[in-house]
Amino acid sequence: MKAKFDELIAQVKPLFKDNGFTKNGLNFYKNTPDFIYVVNFQKSSGNTAFETRFYVNCSIHGAFIDAATGKEFISKPKEYECHFRDRISSIIDSKTACYEINESTDAAALCENLTSDLRAVFRFFDAVKPNEI
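Converting from the sequence shown to the numbering used here requires adding 3 to each position, the first position being numbered 1.
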(Lines of atoms letter the chains of each structure in order from A; the text may use other names.)
(Lines give C-alpha, C1' and ligand atoms only; values in the text may rest on other atoms or scores of the structure.)
Protein backbone atom coordinates (compact mmCIF):
# COMPACT_ATOMS: atom_id res chain seq x y z
CA MET A 4 0.00 0.00 0.00
CA LYS A 5 3.02 2.27 0.40
CA ALA A 6 3.38 2.45 -3.38
CA LYS A 7 -0.29 3.43 -3.78
CA PHE A 8 0.11 6.13 -1.12
CA ASP A 9 3.27 7.46 -2.78
CA GLU A 10 1.48 7.51 -6.15
CA LEU A 11 -1.43 9.44 -4.63
CA ILE A 12 0.95 12.07 -3.26
CA ALA A 13 2.63 12.30 -6.67
CA GLN A 14 -0.78 12.82 -8.30
CA VAL A 15 -1.79 15.69 -6.00
CA LYS A 16 1.64 17.37 -6.05
CA PRO A 17 0.83 19.41 -9.22
CA LEU A 18 -2.30 20.78 -7.50
CA PHE A 19 -0.11 22.07 -4.69
CA LYS A 20 2.41 23.53 -7.13
CA ASP A 21 -0.37 25.29 -9.08
CA ASN A 22 -1.50 26.86 -5.79
CA GLY A 23 1.94 28.13 -4.78
CA PHE A 24 3.04 25.34 -2.45
CA THR A 25 6.43 23.64 -2.29
CA LYS A 26 7.00 20.09 -1.06
CA ASN A 27 9.30 18.95 1.74
CA GLY A 28 8.77 15.30 2.70
CA LEU A 29 5.08 14.85 3.46
CA ASN A 30 4.64 18.58 4.07
CA PHE A 31 3.56 21.24 1.61
CA TYR A 32 4.30 24.91 2.33
CA LYS A 33 3.00 28.17 0.92
CA ASN A 34 4.76 31.30 2.13
CA THR A 35 3.01 34.65 1.89
CA PRO A 36 3.91 38.00 3.48
CA ASP A 37 1.46 37.34 6.34
CA PHE A 38 1.24 33.58 6.71
CA ILE A 39 2.89 30.27 6.06
CA TYR A 40 0.29 27.68 5.11
CA VAL A 41 1.15 24.06 5.85
CA VAL A 42 -0.55 20.89 4.64
CA ASN A 43 0.84 17.75 6.26
CA PHE A 44 0.08 14.16 5.31
CA GLN A 45 0.26 12.00 8.43
CA LYS A 46 0.28 8.23 8.09
CA SER A 47 -1.52 6.26 10.78
CA SER A 48 0.66 4.34 13.21
CA GLY A 49 -1.58 1.30 12.75
CA ASN A 50 -0.91 0.84 9.03
CA THR A 51 -0.23 -2.63 7.67
CA ALA A 52 1.00 -4.06 4.40
CA PHE A 53 -2.67 -4.43 3.39
CA GLU A 54 -4.10 -1.08 4.49
CA THR A 55 -2.82 2.47 4.75
CA ARG A 56 -4.73 5.15 6.59
CA PHE A 57 -3.66 8.75 6.55
CA TYR A 58 -4.78 12.11 7.85
CA VAL A 59 -4.37 15.52 6.29
CA ASN A 60 -3.40 18.20 8.80
CA CYS A 61 -3.86 21.83 7.79
CA SER A 62 -2.06 24.63 9.58
CA ILE A 63 -1.37 28.35 9.44
CA HIS A 64 1.70 29.95 10.93
CA GLY A 65 1.69 33.71 11.43
CA ALA A 66 5.25 34.93 11.03
CA PHE A 67 4.09 38.36 12.19
CA ILE A 68 3.03 36.82 15.50
CA ASP A 69 6.53 35.46 16.02
CA ALA A 70 7.99 38.86 15.10
CA ALA A 71 5.69 40.64 17.57
CA THR A 72 6.63 38.25 20.37
CA GLY A 73 10.36 38.25 19.63
CA LYS A 74 10.53 34.66 18.44
CA GLU A 75 12.88 33.54 15.70
CA PHE A 76 11.46 33.34 12.17
CA ILE A 77 10.70 29.79 10.99
CA SER A 78 10.48 29.38 7.20
CA LYS A 79 9.18 25.80 7.30
CA PRO A 80 7.34 25.27 10.56
CA LYS A 81 6.21 21.82 11.53
CA GLU A 82 2.45 21.39 11.63
CA TYR A 83 2.50 21.29 15.43
CA GLU A 84 4.45 24.60 15.59
CA CYS A 85 1.70 26.52 13.79
CA HIS A 86 -0.72 28.95 15.42
CA PHE A 87 -3.78 27.39 13.76
CA ARG A 88 -4.07 23.61 13.39
CA ASP A 89 -6.92 21.41 12.26
CA ARG A 90 -7.58 18.30 10.27
CA ILE A 91 -8.98 18.56 6.77
CA SER A 92 -12.02 16.61 7.96
CA SER A 93 -12.97 19.47 10.31
CA ILE A 94 -12.40 22.17 7.72
CA ILE A 95 -14.58 20.45 5.11
CA ASP A 96 -17.00 19.11 7.76
CA SER A 97 -16.46 15.47 6.80
CA LYS A 98 -17.79 12.58 8.86
CA THR A 99 -14.65 10.58 8.01
CA ALA A 100 -11.48 11.62 9.86
CA CYS A 101 -9.02 9.80 7.63
CA TYR A 102 -8.49 8.47 4.13
CA GLU A 103 -7.93 4.76 3.52
CA ILE A 104 -6.04 2.82 0.88
CA ASN A 105 -6.45 -0.93 0.58
CA GLU A 106 -6.65 -3.60 -2.12
CA SER A 107 -10.16 -2.56 -3.17
CA THR A 108 -9.54 1.20 -3.21
CA ASP A 109 -10.47 2.95 -6.43
CA ALA A 110 -7.30 5.05 -6.74
CA ALA A 111 -8.81 7.46 -9.27
CA ALA A 112 -11.87 8.11 -7.08
CA LEU A 113 -9.69 8.61 -3.99
CA CYS A 114 -7.47 11.06 -5.87
CA GLU A 115 -10.53 12.96 -7.13
CA ASN A 116 -11.99 13.11 -3.60
CA LEU A 117 -8.71 14.25 -2.07
CA THR A 118 -8.23 16.87 -4.79
CA SER A 119 -11.70 18.27 -4.13
CA ASP A 120 -11.05 18.35 -0.38
CA LEU A 121 -7.69 20.09 -0.88
CA ARG A 122 -9.27 22.73 -3.10
CA ALA A 123 -11.70 23.46 -0.25
CA VAL A 124 -8.76 23.86 2.12
CA PHE A 125 -7.04 26.25 -0.29
CA ARG A 126 -10.23 28.35 -0.40
CA PHE A 127 -10.29 28.30 3.41
CA PHE A 128 -6.65 29.44 3.55
CA ASP A 129 -7.36 32.23 1.03
CA ALA A 130 -10.25 33.49 3.18
CA VAL A 131 -8.11 33.94 6.29
CA LYS A 132 -6.86 37.50 6.62
CA PRO A 133 -4.39 38.84 9.23
CA ASN A 134 -6.82 41.48 10.51
CA GLU A 135 -9.37 38.72 11.28
CA ILE A 136 -7.21 36.96 13.85
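The beta carbon of each residue, even a glycine, is placed where N, CA and C say it ideally should be.
On the three-state DSSP scale, how would you describe residue 62?
strand
N-terminal and C-terminal residue of the alpha helix (DSSP H) that residue 98 is part of:
Unbroken run through residue 98: none, as it is neither H nor E.
At 4 residues or longer, and completely inside the region 15-80: list those alpha helix (DSSP H) runs for me, N to C.
66-71
Reducing DSSP to helix, strand and coil, say where residue 89 ends up.
strand
Alpha carbon to alpha carbon, how far is residue 130 from residue 124?
Going from the Cα of residue 130 to the Cα of residue 124 covers about 10 Å.
Taking the CB atoms as reference points, tell me whether residue 50 and residue 29 lie closer together than 8 Å.
no
For residue 3, count the other beta carbons within 10 Å of its own beta carbon; 16 or more makes it buried, fewer makes it exposed. Which is it?
Residue 3 lies beyond the stretch modelled for the chain, which goes from 4 to 136, so this question has no answer here.
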